[in-house]
Each structure stands twice: as structure tokens, then as C-alpha cells.
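First residue of the sequence shown? That's 26 in my numbering, and the numbers climb one at a time after it. Working notes for the structure below.
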Amino acid sequence: MTTPALLPLSGRRIPTLSPGASSFPHHRATLRLSEKFILLLILSAFITLCFGAFFFLPDNSKHKRFDLGLEDVLIPHIDAPKEGKHASGQPGAEGAPVVDQEEEESLRDKIRADHERALQEAKEKLRKSREELQAEIQTEKSKVIEDLKKKDVGPKPLPPVPMPKVVGVSDGEPADPDVKEKRDKIREMMKHAWDSYRQYGWGHNELKPLAKKGHSTNIFGNSQLGASIVDALDTLYIMGLHEEFKDGQEWIDQNLDFSVNAEVSVFEVNIRFIGGLLAAYYLSGQEMFKQKAVQLAEKLLPAFNTPTGIPWAMVNLKSGVGRNWGWASAGSSILAEFGTLHMEFVHLTYLTGNPAYYQKVMHIRKLLAKMDRPNGLYPNYLNPRTGRWGQHHTSVGGLGDSFYEYLLKAWLMSDKTDTEARKTYDDAMEAIERHLIRKSNGGLTFIGEWKNGHLERKMGHLACFAGGMFALGADGSPDDKAGHYLQLGAEIAHTCHESYDRTVLKLGPEAFKFDSGLEAVAVRQNEKYYILRPEVIETYWYMWRFTHDPKYRQWGWEAAQAIDKYCRVSGGFSGVKDVYSSNPTYDDVQQSFFLAETLKYLYLLFSSDDLMPLESWVFNTEAHPLPVKSSSGKVQTNHKHS
Ligand code: DMJ
Numbered sequence: 026m027t028t029p030a031l032l033p034l035s036g037r038r039i040p041t042l043s044p045g046a047s048s049f050p051h052h053r054a055t056l057r058l059s060e061k062f063i064l065l066l067i068l069s070a071f072i073t074l075c076f077g078a079f080f081f082l083p084d085n086s087k088h089k090r091f092d093l094g095l096e097d098v099l100i101p102h103i104d105a106p107k108e109g110k111h112a113s114g115q116p117g118a119e120g121a122p123v124v125d126q127e128e129e130e131s132l133r134d135k136i137r138a139d140h141e142r143a144l145q146e147a148k149e150k151l152r153k154s155r156e157e158l159q160a161e162i163q164t165e166k167s168k169v170i171e172d173l174k175k176k177d178v179g180p181k182p183l184p185p186v187p188m189p190k191v192v193g194v195s196d197g198e199p200a201d202p203d204v205k206e207k208r209d210k211i212r213e214m215m216k217h218a219w220d221s222y223r224q225y226g227w228g229h230n231e232l233k234p235l236a237k238k239g240h241s242t243n244i245f246g247n248s249q250l251g252a253s254i255v256d257a258l259d260t261l262y263i264m265g266l267h268e269e270f271k272d273g274q275e276w277i278d279q280n281l282d283f284s285v286n287a288e289v290s291v292f293e294v295n296i297r298f299i300g301g302l303l304a305a306y307y308l309s310g311q312e313m314f315k316q317k318a319v320q321l322a323e324k325l326l327p328a329f330n331t332p333t334g335i336p337w338a339m340v341n342l343k344s345g346v347g348r349n350w351g352w353a354s355a356g357s358s359i360l361a362e363f364g365t366l367h368m369e370f371v372h373l374t375y376l377t378g379n380p381a382y383y384q385k386v387m388h389i390r391k392l393l394a395k396m397d398r399p400n401g402l403y404p405n406y407l408n409p410r411t412g413r414w415g416q417h418h419t420s421v422g423g424l425g426d427s428f429y430e431y432l433l434k435a436w437l438m439s440d441k442t443d444t445e446a447r448k449t450y451d452d453a454m455e456a457i458e459r460h461l462i463r464k465s466n467g468g469l470t471f472i473g474e475w476k477n478g479h480l481e482r483k484m485g486h487l488a489c490f491a492g493g494m495f496a497l498g499a500d501g502s503p504d505d506k507a508g509h510y511l512q513l514g515a516e517i518a519h520t521c522h523e524s525y526d527r528t529v530l531k532l533g534p535e536a537f538k539f540d541s542g543l544e545a546v547a548v549r550q551n552e553k554y555y556i557l558r559p560e561v562i563e564t565y566w567y568m569w570r571f572t573h574d575p576k577y578r579q580w581g582w583e584a585a586q587a588i589d590k591y592c593r594v595s596g597g598f599s600g601v602k603d604v605y606s607s608n609p610t611y612d613d614v615q616q617s618f619f620l621a622e623t624l625k626y627l628y629l630l631f632s633s634d635d636l637m638p639l640e641s642w643v644f645n646t647e648a649h650p651l652p653v654k655s656s657s658g659k660v661q662t663n664h665k666h667s
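Below, the structure is given as C-alpha cells:
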């Protein structure tokens with residue numbers, strides 16, 4: 026018998042008959058073929074059925090597991106058989122746990138419902154498009170990464186640096202009971218300012234003492250950074266208001282966050298926040314303040330990314346994008362802003378070991394040293410793109426002031442080793458004396474403003490700080506001119522006192538003239554306001570420390586009384602709009618510098634000199650004390666006053 030040979034699959038199947046089969050009709054062979062096909066079909070249907078049965082019919086073992094699960098769920102119910110639930114009368118049923126059928130059914134229903142819900146969720150997932158699912162997975166992934174990052178990103182560890190022994194933070198209680206009484210009054214004013222802010226403006230930058238709510242300005246980027254808390258901390262500490270200090274410390278620790286989308290003033294944030302935090306750190310020794318100062322300083326660094334390295338006036342804390350004030354001449358940066366970073370940045374490098382801060386401020390100094398100066402004067406405006414001066418305006422008041430102050434203080438803070446800073450200061454003072462300082466017809470020494478080759482005989486309240494600066498810089502001035510500078514300081518103090526004394530409220534105007542018979546009085550309505558500024562009182566304090574002439578305490582007390590009488594309201598202290606009016610209106614702002622500076626200088630004026638001695642501490646332009654650093658770069662730790 027021959028068997029049909031199988032042809033390659035691609036060929037037709039043609040049976041090859043054995044010789045004995047040659048008589049089979051052709052159609053019979055065809056019939057057999059279709060039978061085979063039908064058989065094959067039946068077979069495959071059967072196999073499919075078996076598979077189906079195997080996979081889809083209920084599985085006993087699964088049932089077993091389900092039952093076990095169910096038993097587990099039921100155990101608590103059957104542990105204690107309930108009355109009437111026994112299969113009474115049945116042998117062996119006595120005491121045996123019997124499950125209520127209804128109860129079992131309800132549990133089964135619950136489990137079924139759970140399964141249904143899970144199935145529904147799975148179906149919904151499957152209905153989503155590939156893109157939607159991918160997006161969901163991506164979101165989940167990023168969330169996990171973010172969570173991990175949050176766990177990892179604690180404050181960067183800072184190198185250990187010697188913490189100075191705090192020098193001269195004594196009680197400073199004056200021996201004279203009358204002076205003590207005055208000092209107590211200043212502390213009470215601070216309490217009123219702080220408590221009011223605590224009650225009505227807590228966490229906001231400043232306070233509206235009449236509206237009794239928070240206040241802010243664009244210098245803080247309209248975000249709630251608690252400027253008054255940071256600015257007030259060291260004053261609270263120096264005054265011994267420790268509960269209040271702790272309260273502020275806690276707020277800073279828990280709430281002060283610089284990862285905010287806020288465009289802030291680099292200068293203001295530096296002098297108020299970095300200065301305030303550093304001073305709080307040095308006074309209290311609390312590491313947290315240092316950490317916060319460094320976190321903030323890192324956010325300011327992108328402001329220096331300009332073609333010249335002269336920083337932008339403003340920087341966005343989140344994006345790092347910088348820009349300048351719209352009102353500044355030809356897109357310029359401001360001398361008093363980019364020139365008032367040195368003290369804080371030197372300390373930042375010391376505390377972090379990161380040279381970037383020091384390099385940035387030294388770069389500014391070097392760049393300025395190379396520039397031509399009209400009449401030896403520094404114009405207030407400098408373009409950070411071109412490195413050229415803007416308008417040739419020079420001022421020791423607004424827009425220029427603290428640049429000169431920081432030259433002198435860089436020298437003092439370096440324990441008088443930064444002689445380059447001292448020389449730059451001396452040269453600047455010489456040019457200022459020659460071109461800006463004059464005596465009025467009535468014999469008052471004033472500092473005018475230089476505008477395009479012309480001297481404007483007007484002095485701003487801000488420029489009154491210079492009396493203190495001249496006194497502070499007297500020792501160490503060239504050609505033994507110490508006496509001359511101390512005298513100049515005294516004359517400026519006198520002029521500024523006159524600007525207060527010639528008003529109705531005995532508070533000084535924002536700017537005053539020495540022209541056409543006018544002597545130290547404001548002319549324009551928009552120069553008659555007093556916004557709780559410190560500069561005149563600051564000068565009284567420095568003059569007091571260097572001369573101990575009682576008139577400075579007297580003048581300081583006059584100012585304190587006037588502030589208490591005309592600026593105090595139930596919700597704090599407010600600026601006034603016209604110091605020449607016996608019925609002034611309020612501006613409804615309690616400035617943060619009132620707590621940082623005005624009240625601090627008043628308190629120090631009525632304290633003994635061993636509180637914050639000037640040989641050991643240098644006050645930044647917001648009155649935040651920073652310790653003197655010796656030539657080795659270390660913060661001074663031992664001092665005769667300690
Ligand atoms: C303070 O913020 C600082 O003293 C700054 O240097 C200029 N003046 C204000 C207060 O008047």
C-alpha cells in the first residue's frame with residue numbers, strides 16, 4: 026500500500042495512488058478530503074472548548090481560597106455564638122459556631138461590590154488613550170521624584186567657623202535714673218510698635234497702623250516676607266525683649282521661605298534681611314539665622330549676571346531674572362544700591378567659605394576705581410550693560426548715601442586693615458567737601474546735591490546720616506584731620522536738628538532748602554513729610570558716643586517725644602504728611618526701619634557705652650550690627666570691652 030506523499034505546503038495536495046487503487050473514482054478521493062476537513066474542524070472546536078473550560082469554568086481551588094477569605098472575615102462573628110443561632114436538637118451542634126445566612130450573604134455582597142468597583146476602575150483605565158495613560162504615569166513619576174528631592178534638600182551644611190564670643194551685649198543700663206527712665210520709655214515704644222505689628226500685621230512686611238492690617242511695597246516684591254520681623258529682631262535682642270525675639274525667631278524658622286516668585290530690591294533685601302539675619306545670628310548664636318541668610322544670599326547672586334558685573338537693582342527670587350528701576354537714568358543701576366553690599370557679603374564669604382560673595386563686591390570696587398569721576402565725584406547712576414555713568418548727579422543723600430558709608434565701614438569692619446577702602450573713602454570725602462558742602466547765610470553747614478555741574482542748595486533727611494559718618498571716620502582720617510571731621514559731624518548734626526526745630530511738630534521734613542532766605546525748611550508740599558526715618562537720631566547717637574555732649578541726648582529725647590506725640594496711634598506708629606501742620610494727616614505706614622533703626626539708635630543713645638561698643642561692632646546701613654573681622658579674616662572674638 027502506498028501512502029500519499031505530502032507535497033510542500035505551497036503546492037497542491039495531489040494524492041498519488043498505489044497501483045491497487047487506480048480504480049478509485051476521482052470524486053471519491055475529493056469526498057474523503059472534505060470529510061477530513063470537517064473532522065479537523067470538529068476536532069479544533071473540541072480543543073477550543075476544552076481550553077475554554079479550563080480557563081473560564083469556575084475553579085474549585087479558587088472557591089476554596091474565597092471561602093477561606095470569607096471565613097477569615099467571619100471569625101469575629103462566629104467566635105461568640107449568639108442566642109438562638111444554634112442548630113438546636115441536632116447532635117453535636119451544641120455550642121458549635123453557626124453563621125447567619127443573611128450575614129454571610131451581605132458579606133458576599135460587599136465583596137462582590139468591591140470586586141465590581143475594582144473591575145470598573147480597571148475598565149476606565151483601559152478606556153484611556155495611550156497618551157493619557159503616559160501623562161498619568163509621568164505625573165506620578167515626577168511626584169515621587171519631587172518627594173524624594175524634598176527629603177534630600179535640607180539646608181546645605183555650612184563649614185564650621187568660629188562663633189565670636191559676643192562682645193558688649195551687656196544690659197547697658199545707665200547710672201542716671203532720669204536717663205534710665207527715658208530708655209524705658211523707648212523700650213515701651215518698641216513694645217507698642219512690635220505688639221501692634223504682631224496683632225495686626227504678623228507675617229506681612231509692614232503694618233498699616235490705622236487700618237490695622239498688613240502693608241507692603243514693591244521693594245519686597247509684594248510677597249509676605251515678614252520684613253518687620255527680620256528687621257526688628259536685633260533691636261528686640263538688644264533691648265532684652267527675649268519673649269518677642271523668640272516669637273520672631275519661631276516665625277522665621279517656620280515661615281520665611283525665599284523660593285517665591287517675587288521681584289525684590291537687591292539692596293533692600295541685603296540691608297534689611299541679610300543684615301538682619303546675620304546680626305540675629307551673631308547676637309543669639311542661633312544657626313538657623315545663618316542658614317536663612319545664606320539661602321537668601323544665593324537667591325541674590327543671579328542679579329550679578331550683567332555684562333559688567335554691576336548688579337541689577339531688582340531680581341526675581343525664583344527665576345533669577347534681573348532688571349533695573351524704570352525711573353533710573355538710562356537703564357542705570359544705583360550707586361547707593363550696588364555700593365551697599367560689601368559688609369554683608371564679606372560676612373557671607375566668611376560664614377560659607379564661598380569666595381563668590383567677596384569676589385562680587387571686590388569686582389564692583391575695582392571697576393569703580395578704574396572709572397573717570399567728574400570732579401572726583403561719583404555719579405548716582407551707572408549702566409550695568411555699558412559700564413558708563415548715567416546722569417551726572419551726585420548725592421550724599423538718597424541714591425548715593427550708603428555707598429560712602431560702606432567704604433568707611435569696610436575699613437572699620439576689617440579691623441582697619443582694608444586700607445584701599447579707607448583711601449577711597451577719604452578721596453570721596455575730599456571731593457564732597459569741595460563741591461557739595463556749604464555754609465548757609467545763617468551759618469548752617471549743609472550738604473547739597475550736585476546736578477550736571479550745578480549745586481542744588483537742598484539737603485535731604487537721608488543725608489543727615491553723614492554727621493555720624495564724619496564722626497565715625499574722624500579717627501584715621503589723613504593729615505590728622507580728625508578734629509576737623511568731628512567738627513563737621515557736629516555741624517551737620519546741628520543743621521539737621523534745626524530742620525526739626527523749625528517745624529510745628531518738631532519732626533524733620535524729607536528735604537529742606539538753603540535758598541532765597543530759606544534756612545533748613547521744606548518748600549514743596551511733597552517734601553514736608555516725616556516717615557519715621559532714623560538718620561538724624563543716628564547722627565545724634567554717634568555724636569554722643571564720640572563727644573558725650575549732653576545736647577545730643579537732649580535732641581534725641583525731643584525727637585522721641587515728638588514721635589510719641591504725633592506719630593503714635595492705637596495700632597502702632599505712623600508717618601505724618603506735613604510736619605508744618607498742627608493738624609497733620611497720617612500716611613498709615615509703620616516702616617520696618619522704624620523698629621530696626623530709629624528705636625534702636627534712641628535706645629543706644631540712652632544706654633551706657635558698653636552696650637554694643639563701636640570698636641567691636643559695625644552697624645550696617647539698616648542699623649544691624651556686624652562684628653569686626655580681624656586681618657586674618659576671622660571675626661574678632663576678644664576685645665577689651667568684653
Ligand atoms: C534705611 O532703610 C536705610 O538706612 C537706608 O540706607 C536708607 N534709609 C532707610 C531709612 O530712612
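Think of the CB as a built atom: it goes at the ideal place given N, C-alpha and C, for glycine as much as any other residue.
Cutoff 8 Å; reference residue i; Cβ partners in own chain excluding five residues on either side
i	result
Y262	V194, F270, A305, L308 and S309
P50	Residue confidence for P50 is low, a pLDDT of 33 falling below 50, so the modelled location carries little weight; the figure read from the coordinates is stated next. Cβ within range, chain order: n/a, list empty.
A456	R398, N400, G401 and L402
N247	S241 and A287
P33	Because the pLDDT at P33 is just 28, under 50, the model does not fix this residue reliably, and the value given afterwards should be weighed accordingly. Excluding residues within five positions, none has a Cβ falling inside 8 Å.
Own chain partners of residue i with C-beta closer than 6 Å, once the 5 adjacent residues on each side are dropped
i	result
G239	G226 and H229
A584	I562
F644	P650
A218	G597, F598 and L620
D451	P503
D196	none
G273	I254 and L258
Distance cut-off 7 Å: residue i Cβ against heavy atoms of the ligand DMJ
i	result
P609	no
P650	no
P534	no
E622	yes
T646	yes
I254	no
S427	yes
F618	yes
I517	no
I296	yes
L2	Lying before the first or after the last residue shown, residue 2 is absent from the chain, which here runs from 26 to 667.
E560	yes
L302	no
L487	yes
Residue from the options with nearest C-alpha to residue i
i	options	result
E523	K506, Q249, K135 and G467	G467
A587	F292, H573, I359 and T623	T623
Y626	Y611, Y577 and Q615	Y577
E362	L393, L424 and W352	L424
A545	R152, E213 and D526	D526
W582	Y565, T331 and M264	Y565
Spatial neighbours of residue i in its chain, beta-carbon cut-off 7 Å, leaving aside the 5 residues before and after
i	result
R570	D634 and L639
R530	It should be pointed out that residue 530 corresponds to Leu in this sequence rather than to Arg. Contacts found: A587, Y591, V601, V604 and P609.
S357	N349, Y406, L407, N408 and G415
F329	P336 and K385
L366	N295 and V386
G114	Reliability of the predicted coordinates at G114 is poor, the pLDDT of 31 falling under 50, and no value is obtained from them.
Within 8 Å, strictly: CB atoms of residue i and residue j
i	j	result
A518	M484	no
F619	E647	no
Y554	D603	yes
I244	G334	no
F539	R447	no
G493	Y567	yes
L302	K324	no
E474	H418	yes
S221	G533	no
L321	F298	yes
K315	L392	no
L513	F495	yes
CB contact below 8 Å: residue i versus chain C
i	result
L532	As a matter of chain content, chain C is missing from the structure shown, which is built from one protein chain.
TODO: Say whether the stretch 411-421 touches the stretch 436-447, bearing in mind that this needs 3 or more beta-carbon pairs closer than 8 Å, one atom from each stretch.
DONE: no
Open item on the list: Tell me whether the stretch 245-265 and the stretch 347-365 touch, counting them as touching only if at least three CB pairs, one residue from each stretch, are closer than 8 Å.
Closed with: no
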